[in-house]
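Below is one structure, written out as structure tokens, with a few remarks after it.
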Amino acid sequence: MQAHYKLKLLNGPLVGRTLQLPAGPFSIGSGDCDLSLPLEADLTATLDVSEEQVLLTDTTPCWVRGRPHTGPLPLAVAIDLAGIHIVIDRPDAEIGNLAVIPRARPARAYAPVALIVVALMAMLGWASYPKPPPPAPTPHDWLPQVLHDYPGLHTQWLDKNRLQLSGRCRSSEQLSTLIARLRQSNVWLEQQLTCDDDLQREVLAILQGSGYTDITVQIGADGHAVIDGPIRKNADLTGIAEALDRLPNLQGWKFTDHRADEFASLVQSLKQSQLLSGLSIQSTRNGWLLSGQLNPAAQTAVQQLIGTLNTDKQRENYRFLNAPSAADASQYLPAAISNVGGNAAAPYLELGNGVRLQIGSVVRRGMTIVNIVPSGISLADSHRLIFLPLQA
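Heads up: the sequence shown begins at 1336 in this note's numbering, then just goes up one per residue.
Quick look at the structure:
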């Protein structure tokens, strides 16, 4: 669809971005909007774009040249739309870096009334009465104390009733409480900050858009993202890395996989206890499931190890199911298992086609041979262990 106008952002996390405005409604605000940027008081502004004009169709506060504005929005002029600064022009126009004129302070209509009250007090001799209670604290009084609950948030008074917010906040919901209190005190706000939960959602969106759905993201106090979860082997992460690097206010990022680390530790514990043979392990939503058809002594030893691991509250939950392996060896090996040879120090697996495999050999589906015993072999990747019995 042909765009009749374009919109350039002058502040906020997408500062400098230019968007095309096709004919029809165009929404700005939090949630499911055409342009997802939070406005003051969590408002949503709707623009009606036609060939003749761009019209603000709702009551969202708007200022042009420092004055409240309604109706069609002017072109090539900086506009303050509920805290988001924009400029609108024709698609072929060159838009420079315009500055928004600060909002005009509201008129002090109560000044004459105050003079009359003072005069009456003097005439009636109220000066002899006890002094009135001190005035209620102003935002200038209480804001420094409140900011202790907002580490990383910076403020600067631009004039008596106009405040700039910048830096970082941990929670946009927590910040909304402070913003509401300031607005109740008739403070005009200029917001130039990023909240960690908003940044977390942006990082998640990039990863989920690349097919990584089993991922968690934590934003640290230093603005770095810790991305935890399984990453596909040999995956090209160039596109993800470039998208993350372009995120405004993201100071850095790294990938971790705590479940892979936990799985490796579990396999090592089973090896040291000589319990690996015959066991399969798979990840579940609530932890790890160990399974295998074991003799009573081995079952007891595995249950004891699981009981010890489950006392560590920092670990996932472990369970055991006494059931034989259902894995199909043909899905992992190029030929049927013939026999196991070698010795305890250097065992090998011989296949029906004459191929010999040792511990460390990589087979199909990205699995690696991690154990060879007379009764069968164990295959593993970063999150799964499969036992293939010699006699199916």
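The C-beta atom is built at its ideal place from N, Cα and C for all residues, glycine as well.
The model shown is predicted, which means the values in this text are computed figures rather than measured ones.
Which runs of the beta strand (DSSP E) at least 3 residues long sit entirely within the region 1460-1546? Give them in chain order.
The region 1460-1546 contains these whole beta strand (DSSP E) runs: 1488-1494, 1497-1504 and 1523-1530.
Do residue 1341 and residue 1424 have their C-beta atoms within less than 8 Å of each other?
Going by C-beta atoms, residue 1341 is nearer than 8 Å to residue 1424.
On a Cα-Cα basis, can you pick out the residue from 1622, 1614, 1621 and 1638 that is closest to residue 1628?
Ranking the options by Cα distance to residue 1628, first place goes to 1614.
From residue 1494 to residue 1471, what distance separates their C-alpha atoms?
Taking the straight line joining both Cα atoms gives about 20 Å.
Would residue 1523 be called buried (16 or more neighbouring beta carbons within 10 Å of its own) or exposed?
When all chains shown are included, residue 1523 counts as buried.
Whose C-alpha, out of 1511, 1473 and 1507, is nearest the C-alpha of residue 1497?
It is 1473.
Determine which residues share a DSSP beta bridge with residue 1415 and list them.
Answer by DSSP bridge pairing, in chain order: 1398 and 1420.
Helix, strand or coil for residue 1685 per DSSP?
Correct three-state label for residue 1685: strand.
Helix, strand or coil, according to DSSP, for residue 1708 in the structure here?
Here residue 1708 sits in strand by DSSP.
Is the region 1680-1696 touching the region 1630-1637, taking contact as three or more C-beta pairs under 8 Å?
No, because fewer than three Cβ pairs between the region 1680-1696 and the region 1630-1637 fall closer than 8 Å, the two stretches do not touch.
For residue 1634, name the three-state secondary structure that DSSP assigns.
If DSSP states are grouped into helix, strand and coil, residue 1634 belongs with the helices.
Would you mind sorting residue 1597 into buried or exposed? The rule is 16 or more other CB atoms within 10 Å of its CB.
Looking at its Cβ environment, which holds 16 or more other Cβ atoms inside 10 Å, residue 1597 is buried.
Determine the closest residue to residue 1587 out of 1534, 1438, 1705 and 1715, with distance taken between C-alpha atoms.
With distances taken between Cα atoms, residue 1587 lies closest to 1534.
So residue 1625 and residue 1655 are supposed to be a Cβ contact under 8 Å. How far apart are they, rounded?
Yes, residue 1625 and residue 1655 are in contact; Cβ-Cβ is about 5 Å, under 8 Å.
Do you know offhand how far residue 1461's Cα is from residue 1476's?
Reliability of the predicted coordinates at residue 1461 is poor, the pLDDT of 49 falling under 50, and the value obtained from them is presented with this limitation in mind. Each residue's Cα considered, the two are about 28 Å apart.
Hey, residue 1564 and residue 1545: beta-carbon distance below 8 Å or not?
No, the pair does not count as a contact, with Cβ atoms beyond the cut-off.
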